[in-house]
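Novice: Read left to right, the sequence shown gives residues 60 to 166 (this note's numbering). In this text, a Cβ means the ideal position worked out from N, Cα and C, and glycines have one as well. Because the structure is a prediction, the values reported are computed rather than measured.
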Amino acid sequence: MLDILAAASGAAPPPSWVSWLPIVGMIAIFWFLIIRPQMRQHKAHQEKVSGLKRGDQVVTAGGLVGKIVKVEDDYVQIELAKGMTVKAVRNTIGDVIPPAGAKAAND
Numbered sequence: 060m061l062d063i064l065a066a067a068s069g070a071a072p073p074p075s076w077v078s079w080l081p082i083v084g085m086i087a088i089f090w091f092l093i094i095r096p097q098m099r100q101h102k103a104h105q106e107k108v109s110g111l112k113r114g115d116q117v118v119t120a121g122g123l124v125g126k127i128v129k130v131e132d133d134y135v136q137i138e139l140a141k142g143m144t145v146k147a148v149r150n151t152i153g154d155v156i157p158p159a160g161a162k163a164a165n166d
C-alpha cells in the first residue's frame, strides 16, 4: 500500500499550458461560430449598400419598400409611392429586391 502512495505522490504535475487549453478552445469555437460569420454578413451588406444605384427596388431596415430615386454619399432618396419620396440613411437599406423578370439563382 505504501508503494502505491509513494508512486502517486511522486508523479509530476501536468505542464502549466495544459490549464489554458479549455480557454483557447472556447475562444476558437466563439471565433468560428459567432465572430467570423458576423464579419462575412457585414461585408456582404457593405458590398450591397455600396452598389446601390438609381432604379433599384429596396427594403429598408424599417420594412419600407420603394425604388431609389437619388443616391448621395450617405443618403438615398426612396420613392415609396407616386410623388412620395423619403430620404434614408444609406446603411439602413436592408436588401435589394431583384427585378420581377429575373430568374432565381437556384432555378
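Evaluate the contact criterion for the stretch 106-121 versus the stretch 134-154: three or more CB pairs, one atom per stretch, below 8 Å.
Specialist: yes
Novice: My output table needs one value for E138: the three-state DSSP class, helix, strand or coil.
Specialist: strand
Novice: Buried or exposed for V145, going by 16 or more other Cβ atoms inside 10 Å?
Specialist: exposed
Novice: Alpha carbon to alpha carbon, how far is G142 from G114?
Specialist: 15 Å
Novice: Tell me whether A147 is buried or exposed, calling it buried when 16 or more other Cβ atoms sit within 10 Å of its Cβ.
Specialist: Buried is the call here.
Novice: Could you tell me which residues DSSP puts in a beta bridge with A147?
Specialist: V135
Novice: How about the stretch 126-137 and the stretch 99-112: do they share at least three Cβ pairs that are nearer than 8 Å?
Specialist: yes
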